[in-house]
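Please read the structure below before turning to the comments.
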Amino acid sequence: MSVMTDHQPVSILTDAEGPAAHVLNADGRGRVVLVCEHASRFIPAALDSLGLDADALLSHAAWDIGARDVARNMMAALDAPLVEARVSRLVYDCNRPPTARDAIAEKSEIFEIPGNSALAEDAREARVRDVYEPFRKALADTIASRTGPVMLVTIHSFTPVYMGQARQVELGLLHDADDRVARAMMRIAEDHTSLRAELNQPYSAADGVTHSLREHAVPAGIPNVMIEIRSDFIDTPAGAERVAGELVAMLSAVLRENPVLAGNDDTHFQDGAG
(Lines of atoms letter the chains of each structure in order from A and count residues from 1; the text may use other names and numbers.)
(Lines give C-alpha, C1' and ligand atoms only; values in the text may rest on other atoms or scores of the structure.)
Protein backbone atom coordinates (compact mmCIF):
# COMPACT_ATOMS: atom_id res chain seq x y z
CA MET A 1 0.00 0.00 0.00
CA SER A 2 1.39 3.37 -0.98
CA VAL A 3 0.57 6.29 1.24
CA MET A 4 2.00 8.92 -1.09
CA THR A 5 0.06 11.24 -3.38
CA ASP A 6 1.10 13.24 -6.42
CA HIS A 7 1.20 16.39 -4.30
CA GLN A 8 2.44 15.65 -0.79
CA PRO A 9 3.17 12.71 1.50
CA VAL A 10 0.29 11.39 3.59
CA SER A 11 1.25 9.97 6.98
CA ILE A 12 0.39 6.37 7.73
CA LEU A 13 -0.54 7.59 11.22
CA THR A 14 -3.53 9.83 11.86
CA ASP A 15 -3.22 12.66 14.35
CA ALA A 16 -5.29 10.58 16.78
CA GLU A 17 -2.99 7.57 16.38
CA GLY A 18 0.35 9.39 16.55
CA PRO A 19 3.04 10.02 17.52
CA ALA A 20 5.16 7.04 16.51
CA ALA A 21 7.36 7.43 19.58
CA HIS A 22 7.18 9.08 22.95
CA VAL A 23 9.40 9.79 25.93
CA LEU A 24 8.20 8.92 29.41
CA ASN A 25 9.72 10.56 32.49
CA ALA A 26 11.63 12.95 30.23
CA ASP A 27 12.83 14.96 33.22
CA GLY A 28 14.12 11.94 35.12
CA ARG A 29 17.43 12.65 36.82
CA GLY A 30 18.98 9.18 36.77
CA ARG A 31 22.13 8.33 34.82
CA VAL A 32 20.41 5.76 32.57
CA VAL A 33 18.48 6.41 29.36
CA LEU A 34 16.14 3.49 28.69
CA VAL A 35 14.90 2.43 25.26
CA CYS A 36 12.18 -0.01 24.23
CA GLU A 37 12.08 -0.26 20.45
CA HIS A 38 9.49 -3.07 20.41
CA ALA A 39 7.16 -1.81 23.13
CA SER A 40 3.94 -1.85 21.08
CA ARG A 41 1.95 -4.15 18.79
CA PHE A 42 -0.12 -1.26 17.40
CA ILE A 43 -0.61 -1.17 13.63
CA PRO A 44 -2.10 2.01 12.10
CA ALA A 45 -5.56 1.61 10.61
CA ALA A 46 -4.29 2.72 7.19
CA LEU A 47 -2.27 -0.50 6.96
CA ASP A 48 -5.30 -2.78 7.48
CA SER A 49 -3.57 -5.02 10.06
CA LEU A 50 -0.95 -5.81 7.38
CA GLY A 51 -3.27 -8.64 6.35
CA LEU A 52 -2.58 -10.57 9.57
CA ASP A 53 -4.98 -12.56 11.74
CA ALA A 54 -5.47 -12.15 15.48
CA ASP A 55 -2.94 -14.85 16.41
CA ALA A 56 -0.15 -13.07 14.57
CA LEU A 57 -1.14 -9.65 15.89
CA LEU A 58 -1.01 -10.90 19.49
CA SER A 59 2.20 -12.88 19.06
CA HIS A 60 5.82 -12.07 19.77
CA ALA A 61 6.18 -11.33 16.06
CA ALA A 62 4.34 -8.06 16.60
CA TRP A 63 6.18 -6.87 19.72
CA ASP A 64 8.52 -7.91 22.53
CA ILE A 65 6.17 -9.47 25.08
CA GLY A 66 6.81 -8.11 28.57
CA ALA A 67 9.59 -5.73 27.54
CA ARG A 68 7.51 -2.56 27.97
CA ASP A 69 6.45 -3.58 31.49
CA VAL A 70 10.05 -4.30 32.46
CA ALA A 71 11.24 -1.00 31.00
CA ARG A 72 8.56 1.01 32.79
CA ASN A 73 9.37 -0.62 36.12
CA MET A 74 13.04 0.17 35.56
CA MET A 75 12.16 3.72 34.58
CA ALA A 76 10.47 4.29 37.91
CA ALA A 77 13.21 2.68 39.99
CA LEU A 78 16.09 4.43 38.20
CA ASP A 79 14.30 7.76 37.63
CA ALA A 80 15.28 7.31 33.99
CA PRO A 81 13.75 8.70 30.81
CA LEU A 82 12.27 5.96 28.67
CA VAL A 83 11.98 6.23 24.88
CA GLU A 84 9.27 3.92 23.55
CA ALA A 85 8.24 3.09 20.01
CA ARG A 86 4.44 3.17 19.77
CA VAL A 87 4.10 1.22 16.52
CA SER A 88 4.62 -2.50 15.95
CA ARG A 89 7.95 -3.67 14.64
CA LEU A 90 5.99 -5.35 11.83
CA VAL A 91 5.31 -1.86 10.47
CA TYR A 92 8.92 -0.80 10.97
CA ASP A 93 11.56 -2.24 13.32
CA CYS A 94 13.07 0.80 15.03
CA ASN A 95 16.13 -1.26 15.94
CA ARG A 96 17.09 -1.50 12.26
CA PRO A 97 18.45 1.17 9.90
CA PRO A 98 16.48 2.09 6.78
CA THR A 99 19.08 0.28 4.68
CA ALA A 100 18.25 -3.07 6.31
CA ARG A 101 15.71 -5.10 4.35
CA ASP A 102 14.44 -6.74 7.57
CA ALA A 103 13.52 -3.33 8.96
CA ILE A 104 10.19 -4.11 7.28
CA ALA A 105 10.01 -7.89 7.46
CA GLU A 106 8.10 -9.94 4.91
CA LYS A 107 8.15 -12.93 7.28
CA SER A 108 8.58 -13.27 11.05
CA GLU A 109 9.41 -16.85 12.05
CA ILE A 110 6.16 -18.69 11.14
CA PHE A 111 4.13 -15.67 10.03
CA GLU A 112 4.06 -14.32 6.51
CA ILE A 113 3.35 -10.55 6.51
CA PRO A 114 1.15 -9.87 3.46
CA GLY A 115 1.15 -6.10 3.96
CA ASN A 116 4.94 -6.04 3.74
CA SER A 117 5.28 -8.25 0.67
CA ALA A 118 6.77 -6.60 -2.42
CA LEU A 119 6.33 -3.20 -0.76
CA ALA A 120 6.64 -0.28 -3.16
CA GLU A 121 9.61 1.98 -2.50
CA ASP A 122 7.44 5.01 -1.74
CA ALA A 123 5.49 2.99 0.83
CA ARG A 124 8.73 1.84 2.40
CA GLU A 125 9.98 5.42 2.55
CA ALA A 126 6.73 6.44 4.24
CA ARG A 127 7.33 3.93 7.02
CA VAL A 128 10.85 5.25 7.52
CA ARG A 129 9.58 8.84 7.57
CA ASP A 130 6.60 8.26 9.84
CA VAL A 131 7.93 5.62 12.26
CA TYR A 132 11.72 5.35 12.27
CA GLU A 133 12.68 9.00 11.95
CA PRO A 134 10.42 10.24 14.78
CA PHE A 135 11.72 7.45 17.01
CA ARG A 136 15.32 8.17 16.10
CA LYS A 137 14.84 11.89 16.78
CA ALA A 138 13.12 11.26 20.13
CA LEU A 139 16.04 9.12 21.28
CA ALA A 140 18.73 11.44 19.94
CA ASP A 141 17.05 14.47 21.54
CA THR A 142 16.67 12.66 24.86
CA ILE A 143 20.35 11.78 24.98
CA ALA A 144 21.36 15.29 23.91
CA SER A 145 19.25 16.83 26.66
CA ARG A 146 21.06 14.99 29.46
CA THR A 147 23.67 16.67 31.60
CA GLY A 148 26.55 14.64 32.91
CA PRO A 149 27.55 11.08 31.95
CA VAL A 150 24.83 8.64 30.90
CA MET A 151 24.38 4.97 30.04
CA LEU A 152 22.13 3.78 27.19
CA VAL A 153 20.16 0.61 27.98
CA THR A 154 17.79 -1.04 25.52
CA ILE A 155 15.20 -3.56 26.73
CA HIS A 156 14.01 -6.53 24.66
CA SER A 157 12.50 -9.98 25.09
CA PHE A 158 12.82 -13.24 23.16
CA THR A 159 10.75 -16.41 22.88
CA PRO A 160 11.50 -19.62 24.84
CA VAL A 161 11.34 -21.59 21.57
CA TYR A 162 12.47 -20.36 18.16
CA MET A 163 12.19 -22.30 14.93
CA GLY A 164 11.35 -25.37 17.00
CA GLN A 165 14.47 -25.11 19.16
CA ALA A 166 14.25 -24.51 22.92
CA ARG A 167 16.44 -21.72 24.22
CA GLN A 168 18.29 -22.36 27.47
CA VAL A 169 19.54 -18.80 27.95
CA GLU A 170 17.23 -16.71 30.15
CA LEU A 171 18.96 -13.34 30.16
CA GLY A 172 21.12 -12.05 27.34
CA LEU A 173 23.57 -9.17 27.73
CA LEU A 174 24.49 -7.94 24.26
CA HIS A 175 27.08 -5.46 23.06
CA ASP A 176 28.34 -3.97 19.84
CA ALA A 177 31.88 -2.55 19.62
CA ASP A 178 31.70 -1.31 23.23
CA ASP A 179 31.51 -4.28 25.60
CA ARG A 180 32.08 -2.43 28.88
CA VAL A 181 28.60 -2.55 30.38
CA ALA A 182 27.72 -6.04 29.16
CA ARG A 183 30.87 -7.51 30.67
CA ALA A 184 30.47 -5.55 33.90
CA MET A 185 26.93 -6.89 34.25
CA MET A 186 28.02 -10.46 33.47
CA ARG A 187 30.64 -10.27 36.19
CA ILE A 188 28.02 -9.58 38.86
CA ALA A 189 24.99 -11.34 37.37
CA GLU A 190 24.99 -14.26 39.80
CA ASP A 191 24.89 -11.83 42.72
CA HIS A 192 21.71 -10.15 41.52
CA THR A 193 19.57 -12.50 39.44
CA SER A 194 18.49 -16.14 39.38
CA LEU A 195 18.19 -15.98 35.58
CA ARG A 196 20.79 -17.80 33.53
CA ALA A 197 22.76 -14.96 31.96
CA GLU A 198 24.94 -15.24 28.87
CA LEU A 199 26.91 -12.76 26.81
CA ASN A 200 25.62 -12.08 23.28
CA GLN A 201 22.83 -14.65 23.41
CA PRO A 202 20.41 -15.50 21.87
CA TYR A 203 21.61 -12.83 19.40
CA SER A 204 24.74 -10.82 18.81
CA ALA A 205 25.84 -7.80 16.82
CA ALA A 206 26.47 -10.15 13.91
CA ASP A 207 22.68 -10.64 13.68
CA GLY A 208 22.15 -6.93 13.10
CA VAL A 209 20.31 -6.37 16.38
CA THR A 210 22.48 -3.61 17.90
CA HIS A 211 21.50 -0.74 15.62
CA SER A 212 20.31 1.55 18.43
CA LEU A 213 23.58 1.07 20.30
CA ARG A 214 25.60 1.64 17.14
CA GLU A 215 23.61 4.68 16.09
CA HIS A 216 23.25 6.53 19.39
CA ALA A 217 25.95 5.34 21.80
CA VAL A 218 29.07 3.78 20.29
CA PRO A 219 30.21 6.76 18.16
CA ALA A 220 29.79 9.12 21.12
CA GLY A 221 31.55 6.82 23.60
CA ILE A 222 28.38 6.44 25.67
CA PRO A 223 28.46 3.23 27.76
CA ASN A 224 25.66 0.95 26.57
CA VAL A 225 24.08 -2.48 26.69
CA MET A 226 21.21 -4.34 25.03
CA ILE A 227 19.27 -6.53 27.47
CA GLU A 228 17.30 -9.54 26.19
CA ILE A 229 14.95 -11.36 28.59
CA ARG A 230 13.20 -14.64 27.86
CA SER A 231 9.56 -13.74 27.62
CA ASP A 232 8.17 -16.53 29.81
CA PHE A 233 9.79 -14.82 32.80
CA ILE A 234 8.14 -11.44 32.15
CA ASP A 235 4.76 -12.20 30.54
CA THR A 236 2.91 -11.32 33.74
CA PRO A 237 3.02 -8.04 35.70
CA ALA A 238 4.56 -9.82 38.69
CA GLY A 239 7.27 -11.43 36.57
CA ALA A 240 8.09 -8.16 34.82
CA GLU A 241 8.36 -6.37 38.16
CA ARG A 242 10.63 -9.04 39.63
CA VAL A 243 13.01 -9.14 36.68
CA ALA A 244 13.06 -5.35 36.45
CA GLY A 245 14.11 -5.23 40.10
CA GLU A 246 16.98 -7.61 39.44
CA LEU A 247 18.16 -5.62 36.44
CA VAL A 248 17.96 -2.39 38.39
CA ALA A 249 20.14 -3.94 41.10
CA MET A 250 22.70 -5.01 38.49
CA LEU A 251 22.79 -1.65 36.74
CA SER A 252 22.94 0.24 40.03
CA ALA A 253 25.96 -1.82 41.05
CA VAL A 254 27.66 -1.09 37.73
CA LEU A 255 26.91 2.62 38.14
CA ARG A 256 28.40 2.62 41.64
CA GLU A 257 31.50 0.68 40.72
CA ASN A 258 32.47 2.53 37.55
CA PRO A 259 33.91 6.03 37.87
CA VAL A 260 32.98 7.11 34.34
CA LEU A 261 29.31 7.18 35.34
CA ALA A 262 29.98 8.77 38.68
CA GLY A 263 31.57 11.66 36.83
CA ASN A 264 34.99 11.11 38.40
CA ASP A 265 36.82 9.53 35.50
CA ASP A 266 36.29 10.04 31.77
CA THR A 267 38.51 7.29 30.48
CA HIS A 268 37.39 3.77 31.33
CA PHE A 269 35.22 1.39 33.30
CA GLN A 270 36.95 -0.47 36.12
CA ASP A 271 35.79 -3.72 34.55
CA GLY A 272 35.94 -2.48 30.99
CA ALA A 273 37.76 -3.57 27.91
CA GLY A 274 37.91 -0.21 26.10
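The opening residue of the sequence shown carries number 4 in the numbering used here; numbering runs sequentially from there. We put the CB at the ideal spot given by N, CA and C, even for glycine.
When Cβ pairs closer than 8 Å are counted between the two stretches, the segment 58–74 is seen not to touch the segment 117–135, the count staying below three. Here Gly-21 carries a coil assignment [DSSP, helix/strand/coil].
Assignment of Met-253 by DSSP, reduced to helix, strand and coil, places it in the helix class.
Residue environment for Arg-104: exposed (fewer than 16 other C-beta atoms within 10 angstroms of its C-beta).
Between the segment 158–167 and the segment 43–56 there are fewer than three inter-stretch CB-CB distances shorter than 8 Å, so the stretches are not counted as touching. Leu-61 sits exposed, since fewer than 16 C-beta atoms from the chains shown fall within 10 Å of its C-beta.
Assignment of Glu-244 by DSSP, reduced to helix, strand and coil, places it in the helix class. With a 10 Å radius around the Cβ and a threshold of 16 neighbouring Cβ atoms, Pro-117 comes out exposed. Its chain contains Tyr-95, Cys-97, Pro-101 as the residues whose beta carbon lies nearer than 7 Å to that of Tyr-135, once the 5 sequence neighbours on both sides are disregarded; these appear in chain order. In the DSSP assignment, Thr-157 falls within the unbroken beta strand (DSSP E) covering 154–161. Going by DSSP, Ala-200 is part of no alpha helix (DSSP H) but of the beta strand (DSSP E) stretching over 200–202. Following the DSSP letters along the chain, one finds Val-73 inside the alpha helix (DSSP H) bounded by residues 70–81. Residue pairing by DSSP puts Asn-227 in a beta bridge opposite Leu-155. A direct Cα-Cα distance of roughly 37 Å separates Ala-200 from Arg-127. In summary, Asp-18 is exposed, with fewer than 16 beta-carbon neighbours lying within 10 Å of its beta-carbon over all protein chains present. Contact annotation, Ala-23 with Ala-106: C-beta distance approximately 14 Å; criterion of less than 8 Å not satisfied. Per DSSP, the beta-bridge partners of Lys-110 are Glu-115.
Cβ-Cβ distances below 7 Å link Ser-91 to Ser-43, Arg-44, Phe-45, Ile-46, Ala-65, Trp-66 in the same chain, with the five nearest sequence neighbours on each side left out; the list follows chain order.
For the options Ala-129, Ala-192, Leu-37, the alpha carbon positioned closest to that of Leu-16 is the one of Ala-129.
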